[in-house]
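Before any comments, here is the structure.
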Amino acid sequence: MPVTSLDRQVFIARAAAFIGARYNKVAATSSDRLNGVLADVQRYVRYNEEDGIPAAYGLTAYGLGWSIETGRINGQTHIALKAMTTRRLLALVQDLHSHCANMGEMPAYLMGLNL
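Per the working numbering, the sequence shown starts with residue 3, numbered consecutively.
Structure follows, in structure tokens:
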């Protein structure tokens, strides 16, 4: 049976090791960092090695991007997401994965966090 979820620290450690610190230092804008981190999580799950992260996290990262791109979150939440560091974005992906059963629940969950 494939693994569909990971412990918070394990997910962040594995994804951060794959991504590295490049977005905290070189991202031209906060939007580049946000989009880059979400794209890298999706790219990482495509490889899905045994010590990688489960493919379900790719859908979670896609759902977060979808919530932003389709305007389903308010401006305050969008600005807060863009201000997050790479590790904080990864922690948010883990939280969304744990608390939201589908993409439709993500915008309400994000705005309920009062970021």
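Where a beta carbon is used, it is the ideal one built from N, C-alpha and C, also for glycine.
Which listed residue (the options) has its alpha carbon closest to that of residue i
{"i": "I14", "options": "L40, L117 and N116", "result": "L40"}
{"i": "V95", "options": "Y59, S33 and V12", "result": "Y59"}
{"i": "A57", "options": "R45, L66 and G67", "result": "R45"}
{"i": "T72", "options": "R35, I55 and M105", "result": "M105"}
{"i": "L98", "options": "M86, N76 and L61", "result": "L61"}
{"i": "L8", "options": "D42, H101, I55 and Y64", "result": "I55"}
Per-residue burial, residue i [other beta carbons within 10 Å of its own, 16 or more giving buried]
{"i": "P88", "result": "Per the sequence shown, the amino acid found at residue 88 is Thr instead of Pro. By the 10 Å Cβ count, T88 comes out buried."}
{"i": "I81", "result": "exposed"}
{"i": "R35", "result": "buried"}
{"i": "T79", "result": "buried"}
{"i": "A110", "result": "exposed"}
Alpha helix (DSSP H) segment containing residue i, residue limits
{"i": "A110", "result": "M108 to G114"}
- Item | Length at least 4, wholly inside the stretch 17-87: the alpha helix (DSSP H) runs in chain order | 24-28, 32-49, 58-71 and 77-85
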